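Below is one structure, written out as structure tokens; the observations come after it.
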Amino acid sequence: MLNRKLTNYLFLFIVLGVLAVVYLVRSVMLTNLQGDIDDLDNENARLQQQIIALEQTVEEHKDTDVAYLYELSDSIPSNFSDTQLLYNTIALCELAGIGEDIDTQRTIDFQKGVSISGPDELSNFANGYEVVEMHIQFTTQDLSLITDFIEVLYEANQLYLLNTIDYDFPEGNEFIAVSMTYYAFYQPE
Amino acid sequence: MAKKKKNVYIKGQYGVSEFIYVDLLPEVKRIRQFNGQVVVILLLFVILSFVFIFIPYRALTTEYEETNGLNSDLKYELEQTEEEFAGFEIDMNTINFASDIDGMENYIVDYEGWLGDIILLANQYNANIESVNLSLEGSTFDVTLSMSTFYRFEELNSTIQNIPWVSVSDYSTPQKVGDQILYESTYSLGVIVHAE
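Protein sequences, first through last, are from chains A and B. Under my numbering, the first residue of the first sequence carries the number 1287, and numbering increases by one thereafter. Under my numbering, the first residue of the second sequence carries the number 116, and numbering increases by one thereafter.
Given below as structure tokens:
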């Protein structure tokens, strides 16, 4: 027979054992269940976001004219052709009155695969496309040629973005050199 | 311990033994005394299990069922929205393409308008525009102006800073041009090409 003191100790140990078992069972069961609930909550939040985003997209674009969107492919052509680009640029110059005569000394050059370093938003947009930088130089006495050219540039079907203009104002009837660069965009190959 | 019972025999006078008491039951140990501590432990286990396991578990199970129900509803709603999306035949690639073009068109520089503003100010201050240098990439518009007075450059700079498309304006120290009474300074303007 166990003596009374030992029995009391045994009782205490068993009580502690019961507490430990209850705690362990509680931890395991509740932790697992809570984990499942948390996972579901996260998934629900993700689903909710997807639904809202999709609903917004539908609301914004359900009435969009698809035909208009397809016309936009003229703004950023799918195929780059250096000959085509050169012809287009010459056409733009001629339209603006920048001819190929001796006084004008027009030169046209381009650089393919350019990256735009700024502004950030423009740079991000341009990253998804092939960027070609056009460089035009000419001499003139008439500064309106510059604004005319820019107007023609912006009215073209293809999207062109003016990057730089550099010139000195003429004094009297002197000829000044005008240097301009602008970007043309193409869909990546 | 209880004392072991013994069978007792008494011999009568005719020599025939007479049975007095025979305990034929097998000798077994007495059942232990009922232990109250076992009951306490069991009771404690039951109560603790109820309070700390069953009640929270039941609450969590209910929460889980509700969350799971909501999850099923959302999945169904998403499926419906996707069907609606497909029904409108929305081409996201084309829409993103259009959005890119819109975004890039925001960077079309209003060169004529900007130069017009500068020419207007130059006339106001009797200044001459000597040269122009614009850069979209750097968001800068540098204009060299000349004036017959040294002291109006600062005032002109303050006026330029009030132009809505100018984010910042600074100018170089005016330099005398040759032997003339003419000073020249380059204004470096930070431009807001695309204001949100």
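The beta-carbon is built from N, C-alpha and C at its ideal position, and this holds for glycine as well. Predicted model, so just to flag it, every value in this text is computed and none were measured.
Is residue i close to chain A? Criterion is C-beta to C-beta, closer than 7 Å.
i      : result
B:Y298 : no
B:A109 : Outside the displayed range of chain B (116 to 311) lies residue 109 of chain B, so it cannot be described from this structure.
B:E270 : no
B:E198 : no
B:P171 : yes
B:V281 : no
B:V161 : no
B:T177 : no
B:Q152 : yes
B:V292 : no
B:N186 : yes
B:I278 : no
B:L304 : no
B:I275 : no
B:F256 : no
B:A117 : Note that B:A117 scores 48 on pLDDT, short of 50, meaning its location in the model is unreliable; the coordinates nonetheless yield the value given after this. No - not a single Cβ of chain A is within 7 Å of the one on B:A117.
Would you call residue i buried or exposed, if buried means 16 or more other Cβ atoms sit within 10 Å of its Cβ?
i       : result
A:S1503 : Because chain A here runs from 1287 to 1475, residue 1503 of chain A falls outside it and cannot be looked at.
B:V306  : buried
B:I275  : buried
A:V1464 : buried
A:D1338 : Correcting the residue identity first, residue 1338 of chain A is Ile in this sequence and not Asp. A:I1338 is exposed by the Cβ-count criterion.
B:S300  : buried
B:A213  : buried
B:I234  : exposed
B:Y286  : buried
B:M207  : exposed
B:P279  : exposed
B:I146  : Because B:I146 sits at a pLDDT of 49, beneath the cut-off of 50, its placement in the model cannot be relied upon, and the following sentence gives the value as read from the coordinates. Answer is exposed; the Cβ neighbour count stays below 16.
B:F256  : buried
B:D215  : buried
A:T1426 : buried
A:T1393 : exposed
Is the shortest distance between the beta-carbon of residue i and the beta-carbons of chain B less than 7 Å?
i       : result
A:H1421 : no
A:F1297 : yes
A:E1341 : yes
A:R1312 : yes
A:G1458 : no
A:I1338 : no
A:L1315 : Looking at the sequence itself, residue 1315 of chain A is Met, so the reference to Leu does not match. So yes, A:M1315 belongs to the interface.
A:L1319 : yes
A:V1418 : no
A:L1333 : yes
A:I1300 : yes
A:I1323 : yes
A:I1376 : no
A:S1361 : yes
So residue i and residue j are supposed to be a Cβ contact under 8 Å. How far apart are they, rounded?
i       : j       : result
A:A1470 : A:V1418 : 5 Å
B:Y298  : B:S261  : 7 Å
B:V224  : A:L1445 : About 13 Å separates the two Cβ atoms, so there is no contact after all.
B:N272  : B:S284  : 6 Å
B:E199  : A:V1344 : 6 Å
A:L1372 : A:A1442 : With a Cβ gap of about 14 Å, A:L1372 and A:A1442 do not count as contacting.
A:T1350 : B:I210  : 7 Å
B:T182  : A:L1319 : That belief does not hold up - the Cβ atoms of B:T182 and A:L1319 are roughly 11 Å apart, past 8 Å.
B:Y222  : B:L249  : That pair is no contact at about 13 Å.
Report the neighbours of residue i on chain B: residues whose CB is nearer than 8 Å to its CB, in chain order.
i       : result
A:T1450 : N248, L249, S250, L251, E252
A:K1348 : F203, I205
A:V1344 : T196, E199, F200, F203, I205
A:N1330 : T182, L185, N186, L189
A:V1304 : I156, L159, F160, L163
A:I1402 : E252
A:F1447 : Inspection of the sequence shows that residue 1447 of chain A is occupied by Leu rather than by Phe. Per Cβ cutoff of 8 Å: M219, Y222, I223, V224, L251.
A:Y1440 : I223
Can you pull the chain A residues whose beta carbon is under 7 Å from the beta carbon of residue i, in chain order?
i      : result
B:S164 : V1308
B:N238 : Simply none; closest approach about 13 Å.
B:V308 : P1405
Taking Cβ-Cβ distances shorter than 8 Å, what residues in chain A pair up with residue i?
i      : result
B:G218 : E1407, L1408, F1411
How would you list, in chain order, the residues of chain A whose beta-carbon sits under 9 Å from the beta-carbon of residue i?
i      : result
B:I234 : Chain A residues near B:I234: none, gap ~10 Å exceeds 9 Å.
B:Y266 : Under the 9 Å cutoff, chain A gives no residues; its nearest Cβ is about 23 Å from B:Y266.
Which residues in chain B sit within 7 Å of residue i, going by Cβ to Cβ distance?
i       : result
A:L1358 : F212, A213, I216
A:T1426 : What A:T1426 touches in chain B: nothing, since even the nearest Cβ is about 14 Å away.
A:D1351 : Those within 7 Å of A:D1351 in chain B number zero; the least Cβ separation is about 11 Å.
A:D1389 : By Cβ distance, chain B contributes nothing, its closest Cβ being about 21 Å from A:D1389, past 7 Å.
A:G1414 : D215
Check the Cβ of residue i against every Cβ in chain B and list those closer than 9 Å, keeping chain order.
i       : result
A:T1433 : Y226, E227, L230
A:F1455 : N243, I244, E245, S246, V247, T259
A:L1326 : Y179, T182, N183, L185, N186
A:I1436 : V224, Y226, E227
Review point. Counting Cβ pairs closer than 8 Å, one from the stretch 1425-1434 of chain A and one from the stretch 1445-1459 of chain A, do we hit at least three?
Key: yes
Check your understanding: Do the stretch 178-194 of chain B and the stretch 1380-1388 of chain A touch if we need at least three Cβ pairs shorter than 8 Å?
Key -> no
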